[in-house]
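Engineer: Mind having a look at this structure? Questions to follow.
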Amino acid sequence: MKRVVNNLAPTKGVVNFDAANVNNGSSQAQIMHEQSAHFADPAFSEAVIRWQKQYGRHALPWQNTRDAYRVWLSEIMLQQTQVTAVIPYYHKFMVRFPDVQSLAQAPSEDVMAHWAGLGYYTRARNLHRCAQRVVAEYGGIFPDNPTLLEDLPGIGRSTAAAIVGFSYGVKAAILDGNVKRVFARVFGIDGYPGARLIEEPMWRRAVALLPEDGIESYTQGLMDLGATLCTRSKPTCGVCPLAQRCVALATDRVSELPVRKPKKAIPEKQTGMLVIVDRNQVLLEQRPDSGIWGGLLSLPEFDMALDLEASVTRLTAPFGTVASCAPLQSILHVFTHFKLQISPYEIKLERRLHMAAQSSYVWYAAENLADAPLPAPVKKLLLAVFRQDDLFV
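Quick note on the working numbering: the sequence shown kicks off at 5 and runs consecutively.
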């Protein structure tokens, strides 16, 4: 696979990976090997390790441990989530699920309740499934082989490398979003790093740059550089240990690299939600495992394109007679790929009916809502309703 690459020196400019240069001939493996060797640079890893030992982060709650369970849990939580947001959830998880066995044995609704608010709920479902497989297949001990880890739910190549590196000192390359940003700037790599044509050479570079020793400090150092110095906006290049070799800094392209993902128009969807209240309880529905907010409790929903009165009657009939229906302030919740406009209505019942035992609905006490496995906007809405905040339109 032939691609145009640059010398590591900043004066060589920006790397351009052109699809037209891809060659699928028999010499592909040799070309890839030669390119990987070209990426090798011991001074790079030495600079990262020195900096991490002196200036990197050393007091995060999941650091200073070889416990693969703690490392794994933190790595899953940190996927697409800032450290400051993760820390309180990590502590809460460790209190309730101190080891992989306790997590594997826990009811799924308990796991989802402790994850609620952290977002990207597929991670929580995979976390639970992964714990169950580690207990069933490996006796509760995480493998020290990254290939075996990648076969487990929710663990990709970079996460597997971080787990074996921090837990077992195994030398393996990471390439998360922070590392991609560091590489794109330091080596002047043009193109969107999430594109296969850009990401594959980045992986080869990541492998070639691995140090002979000190994998823990090196891996943590790359993460720390991307999170604290080589940030997406307002990077502090003046104190970066890689500044002298940084192509983006030398060519005044720090703000341009890495190239952002091509933007698409974010669609907006609408849904109606019913806050069905009976005294100090609210009716909640168990959502399916797939789709948004999978596995969480939420409010009964209806299509806003349909008649409101008919929708209210259909959804409330099994539970009682409607005494009143009042619109509440709408909520705009932004997901990664779309926006959701929520139009809630408060329904008060005059007479509550007995609910079937096998129903996917449950009456939930208001005093327990703070710890309920609810999507963040729904929890915020319900807490406001029972505080009797002025939400009426």
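Quick reminder that beta carbons are idealized off the backbone N, C-alpha and C, glycines included.
All values derive from a computational prediction rather than experimental measurement.
(1) Cutting at 8 Å between CB atoms, please list the residues of its own chain near residue 30, excluding the five before and the five after it.
(2) Can you tell which of 131, 71, 286 and 43 has the C-alpha that lies nearest to the C-alpha of residue 81?
(3) Going by Cα to Cα distance, which pick from 115, 86 and 87 is closest to residue 99?
(4) Which runs of the alpha helix (DSSP H) spanning at least 4 residues fall entirely within the segment 134-199, listed in chain order?
(5) Given a cut-off of 8 Å on the beta-carbon distance, is the pair residue 167 and residue 152 in contact?
(6) Taking DSSP as the reference, what is the three-state secondary structure of residue 390?
(7) Please classify residue 195 as buried or exposed, where buried requires at least 16 neighbouring CB atoms within 10 angstroms.
(8) Roughly how far, in whole angstroms, is the beta-carbon of residue 74 from the beta-carbon of residue 66, given that I think they are within contact range, below 8 Å?
(9) Thinking just about the alpha-carbon of each residue, which of 295, 56, 346 and 351 is nearest to the one in residue 127?
(10) Within 10 angstroms of the Cβ of residue 383, are there 16 or more other Cβ atoms? Answer buried if so, exposed if not.
(11) Under the rule that 16 or more other beta-carbon atoms within 10 Å means buried, what is residue 118, buried or exposed?
(12) Report the CB separation of residue 349 from residue 300 in whole angstroms; it is logged as a contact under 8 Å.
(13) Give the single residue among 246, 289, 206 and 171 whose Cα lies nearest to the Cα of residue 363.
(14) Quick one: what does DSSP say residue 4 is sitting in, helix, strand or coil?
(15) Three or more C-beta pairs closer than 8 Å, one from the segment 334-345 and one from the segment 156-164: is that the case here?
(16) DSSP puts residue 202 in a beta bridge; with which residues?
(17) Within 10 angstroms of the Cβ of residue 243, are there 16 or more other Cβ atoms? Answer buried if so, exposed if not.
(18) So, residue 351 versus residue 320, is the Cβ gap smaller than 8 Å?
Structural biologist: Reading it off the structure:
(1) Counting from one through the sequence shown, the residue named residue 30 turns up at place 26. Note on residue 30: pLDDT 34, under 50, position unreliable in the model; no value is reported.
(2) In the sequence shown, the residue the question calls residue 81 occupies position 77. Nearest C-alpha to residue 81: 131.
(3) If you number the sequence shown from 1, residue 99 lands on position 95. When the alpha-carbon of residue 99 is set against those of 115, 86 and 87, the nearest one is in 115.
(4) 150-154, 161-172 and 181-190
(5) As a first step, residue 167 is located in the sequence shown; it is residue number 163 there, counting from the start. As a first step, residue 152 is located in the sequence shown; it is residue number 148 there, counting from the start. No, the Cβ-Cβ distance between residue 167 and residue 152 is not below 8 Å.
(6) Within the sequence shown, residue 390 is the residue found at index 386, counting from 1. Helix.
(7) One-based indexing of the sequence shown puts residue 195 at position 191. Classification of residue 195: buried, given that the 10 Å Cβ count is 16 or more.
(8) Walking along the sequence shown from the start, residue 74 turns up at place 70. Walking along the sequence shown from the start, residue 66 turns up at place 62. With 8 Å as the limit, residue 74 and residue 66 qualify as a contact, their Cβ atoms being about 5 Å apart.
(9) Translated into the one-based positions of the sequence shown, residue 127 becomes position 123. For the residues 295, 56, 346 and 351, the minimum Cα distance to residue 127 belongs to 295.
(10) Here residue 383 corresponds to residue number 379 of the sequence shown, with the count starting at 1. By the neighbour-count rule (16 or more Cβ atoms within 10 Å), residue 383 is buried.
(11) Position 114 of the sequence shown, counted from the first residue, corresponds to residue 118. Residue 118 comes out buried.
(12) As a working mapping, residue 349 is identified with position 345 in the sequence shown. As a working mapping, residue 300 is identified with position 296 in the sequence shown. Incorrect: roughly 20 Å between the Cβ atoms, too far for contact.
(13) Within the sequence shown, the letter at position 359 stands for residue 363. Nearest of 246, 289, 206 and 171 to residue 363, Cα basis: 289.
(14) Residue 4 is absent from the model: the chain starts at 5 and stops at 397.
(15) no
(16) In the sequence shown, counting from the first residue as 1, residue 202 sits at position 198. In the DSSP output, where bridge partners are listed per residue, residue 202 has none listed.
(17) Start at 1 with the first residue of the sequence shown, and residue 243 comes out as number 239. Looking at its Cβ environment, which holds fewer than 16 other Cβ atoms inside 10 Å, residue 243 is exposed.
(18) What you label residue 351 is simply residue 347 of the sequence shown in a count that begins at 1. What you label residue 320 is simply residue 316 of the sequence shown in a count that begins at 1. It is a contact, given that the beta carbons lie within the stated cut-off.
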